[in-house]
Structure formats: structure tokens, C-alpha cells
Amino acid sequence: MIVAIDGPSAAGKGTLSRRLAATLGYHHLDTGLLYRAVGARLLATGADPADAEAAAAAARKLGPADIAREGLREEDVGRAASVVAANPAVRAALVEFQRRFAAQPPGAVLDGRDIGTVICPGAEVKLYVVASAEVRARRRHDELRGRGEPATYAAVFRDLQERDARDQARGTAPAKPAEDAIVLDTTDLTADEVFAQAIGIVRSRSS
Ligand code: DC
């Protein structure tokens with residue numbers, strides 16, 4: 006059983022995916038971490054994330070230690086991730102790992118942007134989690150401030166919009182719902198309400 010959870014940043018995918026996986030006893034992969042790890046590798050060596058060859062080489066060399074490294078959630082890494090994620094060679098280098106992860110019994114929850122469209126088009130459950138840009142920026146801002154990182158709402162909002170535009174406009178695997186995805190708008194929902202809807206959908210597909 007594969008549960009694909011896609012959607013833009015800060016829409017609530019991560020929280021939902023972790024909780025679904027824990028409840029179902031499934032494996033969970035936050036696929037954004039793969040792109041963040043590629044971005045972090047480049048930043049660490051002083052390479053430009055827009056350097057297509059360096060980015061592809063970093064993606065091919067990616068190992069478990071890269072995904073476990075600290076600081077992957079930081080804003081500069083997120084920005085670099087969004088740049089490398091538009092690189093077709095980077096995406097191609099990461100496909101097999103994600104598919105192998107998804108095939109693990111008894112099931113897996115993968116969250117990202119192209120899980121339902123490209124990585125696991127045959128997933129039994131596909132959710133596309135969205136929320137208004139204002140609510141997403143507010144959530145991300147609160148999260149950053151909670152971690153003690155200095156951030157203004159205006160800067161977070163601008164950054165989110167820039168990244169969304171890049172993720173949606175890229176030629177390879179743009180962020181968009183699969184035709185058979187169920188769109189879940191979390192703008193006015195609590196995390197508990199989102200979870201209740203999602204687990205209801207998963208259970209209806211697995212019985
Ligand atoms: O979800 P996130 O912010 O951790 O993702 C980091 C970047 O990677 C973001 O710009 C979108 C991109 N990404 C992607 O293109 N495909 C995925 N499956 C996951 C993330």
C-alpha cells in the first residue's frame with residue numbers, strides 16, 4: 006500500500022504524513038529532504054546550486070549520511086533545494102531510491118511534490134494538500150520563530166511564493182495534483198481534522 010502526499014510547502018504534508026505512517030505502521034519518507042540534501046552538499050562545497058553538472062553529481066553521490074545531516078530545514082538550504090529540484094538530472098538520480106523505499110512492506114507514506122504523478126503513479130491513495138499562501142506563510146513563520154530563527158512574515162511570504170512558482174513552473178515533474186488525487190484544503194482545518202479526513206480516505210481504500 007502506497008500513500009502519496011503532495012502539495013506546496015507548509016500546507017501540512019509533513020505533520021499529516023508522519024502521523025499517518027505512525028498510525029498505519031508504514032515507512033515514511035519526506036522526499037523534500039533528498040533535494041535539501043543535494044542543496045546542502047553544494048552549499049557546503051561552495052558550489053552554485055544552479056550549476057547543473059555539480060548538482061547532478063551531488064545527487065548521484067547522495068548517501069544516508071547526507072539525508073541525516075543537520076540544518077536541512079534551514080531557509081538557505083530550502084532555497085538551494087528548490088533550484089536543484091528543477092534540474093532533470095537531479096530528479097532522475099533520485100527516482101530509484103524513492104521507488105524502492107515506496108515498495109517496502111507493509112506500506113509507505115511518501116510526501117513531496119511529484120509522488121502521485123511521477124514517482125508512484127500507481128499509489129493506492131493520492132492526496133494533494135493545499136492551504137492559502139497567507140496561512141502557509143504564517144505557519145512557516147511561526148515554525149521558524151519557534152526554532153529561534155529570526156524571520157519576518159513578509160520575507161517568509163515572499164520566499165514561499167518564489168519557491169512555489171519555481172516548483173510549479175519547472176518543465177520536469179512540476180508540482181501539481183495527479184488527476185486521480187483528492188485535494189485536501191487545510192486552510193481552515195486543525196491538524197486533527199486533516200488527519201481524520203486523511204485516515205478515513207486511506208481506510209476506505211484499504212478495505
Ligand atoms: O518540501 P520541502 O520544502 O522540503 O522541499 C524542498 C524543495 O524540494 C522544494 O522546492 C520542492 C522540492 N521537492 C520536489 O521538487 N519534489 C519532491 N518530491 C519534494 C520536494
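To convert a position in the sequence shown, counted from 1, into my numbering, add 5.
Built from N, CA and C at the ideal position, the CB exists for glycine as well.
DSSP bridge partner residues for residue i (one or two, in chain order)
i, result
"H32", "A113"
"D225", "One cannot answer for residue 225 here, as it falls past the ends of the chain, which runs 6 to 212."
"D190", "V135"
Proximity to residue i [Cα-Cα], best of the options
i, options, result
"L165", "V207, T177, G127 and D81", "D81"
"A97", "T28, E167, A64 and D11", "A64"
"T191", "D185, E184, A201 and A183", "A201"
"L258", "G17, V89, M6 and I7", "For the chain, the structure presents residues 6 to 212; residue 258 sits outside this window and is missing."
"T195", "R163, R144, Y158 and I206", "R144"
"I7", "P93, A60, V123 and K131", "K131"
"P93", "E184, A61, D11 and E154", "A61"
"S209", "A180, R163 and E129", "E129"
"H32", "A183, F106, L21 and D197", "F106"
"E75", "D193, A57, K181 and R46", "R46"
Nearest-angstrom Cβ-Cβ length linking residue i and residue j, presumed shorter than 8 Å
i, j, result
"L34", "L99", "Not quite, the Cβ-Cβ distance comes to about 11 Å (not below 8 Å), so this is no contact."
"A156", "H146", "6 Å"
"P13", "V135", "7 Å"
"V216", "A15", "Here the chain covers residues 6 to 212 and nothing more, so residue 216 does not appear."
"D116", "G19", "6 Å"
"G83", "R24", "22 Å between Cβ atoms; not a contact."
"T36", "Q103", "6 Å"
"G121", "A186", "5 Å"
"T28", "I204", "6 Å"
"R175", "A91", "4 Å"
At 3 residues or longer, what runs of the beta strand (DSSP E) sit wholly inside the region 111-182?
113-117 and 130-135
Runs of alpha helix (DSSP H) lying entirely within the region 60-98, each at least 4 residues, in chain order
69-73 and 80-89
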